[in-house]
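Add 4 to the 1-based position in the sequence shown for the numbering used here, that's all there is to it. Backbone N, C-alpha and C fix where the C-beta goes; we use that ideal spot for every residue, glycine too. Note that the structure is predicted; figures quoted are calculated from it, not measured. Report on one structure; see the data block that follows.
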Amino acid sequence: MRKLLVIGIGAGNPDHMTVQAISGLNRADVLFIPDKGEKKNDLAGLRRQICDRFVTNPKSRRVEFDVPVRAEPAPSYRSTVDDWHEAIAAIYESLIRDEIAEDGCGAFLIWGDPSLYDSALRILERVRQRGNVAFELEVIPGITAVQALAASHKTALNRIGDSILITTGRRLAEEGLAGNAGSTVVMLDGKCAFNTLDDKDVVIHWGAYLGTPDEIIISGRVGDVGARIEQTREEARRQKGWIMDTYLLRKPGGPEDI
5 MRKLLVIGIG
15 AGNPDHMTVQ
25 AISGLNRADV
35 LFIPDKGEKK
45 NDLAGLRRQI
55 CDRFVTNPKS
65 RRVEFDVPVR
75 AEPAPSYRST
85 VDDWHEAIAA
95 IYESLIRDEI
105 AEDGCGAFLI
115 WGDPSLYDSA
125 LRILERVRQR
135 GNVAFELEVI
145 PGITAVQALA
155 ASHKTALNRI
165 GDSILITTGR
175 RLAEEGLAGN
185 AGSTVVMLDG
195 KCAFNTLDDK
205 DVVIHWGAYL
215 GTPDEIIISG
225 RVGDVGARIE
235 QTREEARRQK
245 GWIMDTYLLR
255 KPGGPEDI
């Protein structure tokens with residue numbers, strides 16, 4: 005049966021690669037490299053750099069594939085994502101069927117960790133349910149943007165005895181900060197939802213291109229640095245053509261760290 009590895013490659017720094025991930029790369033006969041278009045060519049480039057640096061298997065080969073662009077949400081966000089995932093599932097199925105031998109091994113290189121705000125595992129489950137190609141799945145975890153953010157800001161994610169909530173920018177804008185979360189990590193925020201918060205005393209630790217030479221970090225009260233983050237983010241996105249960022253929010257007056 006075909007073997008498929010889903011490998012977390014970290015948040016942007018090749019040094020984030022774990023021993024397990026490097027071993028996985030070298031077990032694979034085929035390494036799948038997604039191409040998200042010219043504006044995001046840096047992302048494919050980093051995957052190539054990782055392969056150049058760590059792959060020593062002489063039989064390994066790379067297969068690059070185009071990732072379809074997700075449509076704007078209409079009539080709903082969930083239906084749009086569902087259609088997008090269905091299109092990607094068809095691509096994944098073709099890659100697995102056509103590029104991996106019956107007893108071979110292939111690998112998808114996943115930014116960050118496959119379990120956190122990445123859809124590869126859900127899409128592969130769609131492929132499995134179609135029943136057209138059989139494969140055994142193995143998941144190799146990676147360092148997430150959340151961990152890289154905390155490391156760059158030299159802070160723990162949680163305060164003593166407090167919970168952590170991981171959410172999206174869309175939900176933050178709709179729901180605000182949860183009352184029972186001491187720390188809130190926000191991902192997938194293209195509209196700087198932190199600036200919609202009524203409480204401008206909330207502390208934000210923000211980071212973009214985490215772990216890369218282009219890393220940018222800013223922290224402070226939302227009321228003091230919110231506009232600066234938004235401006236910095238827009239300038240960086242315009243210069244590079246893309247941006248990946250995340251941030252940590254904390255209400256003032258909570259339990260202190262030790």
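Buried or exposed: where does residue i fall if 16 or more other Cβ atoms within 10 Å of its Cβ makes it buried?
i	result
P38	buried
A182	exposed
R264	Residue 264 cannot be examined here, being either before or after the span of the chain that is shown, 5 to 262.
I13	buried
I262	With a pLDDT of 37 at I262, under the threshold of 50, the modelled position of this residue cannot be trusted, and the question is left open.
R237	buried
R134	exposed
V189	buried
I11	buried
R51	buried
I164	exposed
Measuring CB to CB, does residue i end up less than 7 Å from residue j?
i	j	result
L214	A111	no
A91	M5	no
E140	K7	yes
A93	R130	yes
E239	C196	no
V34	V59	no
T250	A149	yes
I208	L253	yes
A152	A25	no
G230	N199	yes
L99	F36	yes
From residue i to residue j, what does the alpha carbon distance come to, in whole angstroms?
i	j	result
V226	D193	15 Å
G146	M21	7 Å
G211	A48	21 Å
I72	V206	It should be noted that the sequence gives Pro, not Ile, for residue 72. Those two C-alpha atoms are separated by around 37 Å.
N45	G186	37 Å
L201	D228	13 Å
I104	D203	53 Å
R232	C55	36 Å
M248	G180	22 Å
G173	R57	35 Å
T159	L176	22 Å
M191	Y121	8 Å
T18	S156	First, the amino acid is wrong: residue 18 is Pro here, not Thr. Going from the Cα of P18 to the Cα of S156 covers about 16 Å.
L29	V85	29 Å
R132	D107	17 Å
S123	K255	30 Å
N136	R31	24 Å
L169	E178	15 Å
R82	P62	42 Å
H89	D70	14 Å
T216	I222	15 Å
N184	S167	7 Å
D218	L113	21 Å
R101	D87	21 Å
T171	Q53	31 Å
I263	C109	Beyond the ends of the chain as shown, which are 5 and 262, falls residue 263; an answer cannot be given.
Just checking residue i against the ligand NAP - is the residue's beta carbon closer than 6 Å to any of the ligand's heavy atoms?
i	result
E239	In the structure shown, the ligand NAP is absent, as is every other ligand, since no ligand is present at all.
**Message:** Which runs of the beta strand (DSSP E) at least 3 residues long sit entirely within the region 78 to 132? Give them in chain order.
**Reply:** 109 to 114
**Prompt:** Looking at C-beta atoms only, is the number of pairs between the region 132 to 152 and the region 107 to 121 that lie closer than 8 Å three or more?
**Reply:** yes
**Asked** Which whole runs of the alpha helix (DSSP H) in the region 132 to 211 are 4 residues long or more, in chain order?
**Response** 149 to 156 and 173 to 179
**Asked** What residue ranges within the region 30 to 56 form continuous beta strand (DSSP E) runs of no fewer than 3 residues, ordered along the chain?
**Response** 34 to 39
**Request:** Could you name each continuous beta strand (DSSP E) segment of 3 residues or more that falls completely within the region 215 to 262, going from the start of the chain to the end?
**Result:** 220 to 225 and 249 to 254
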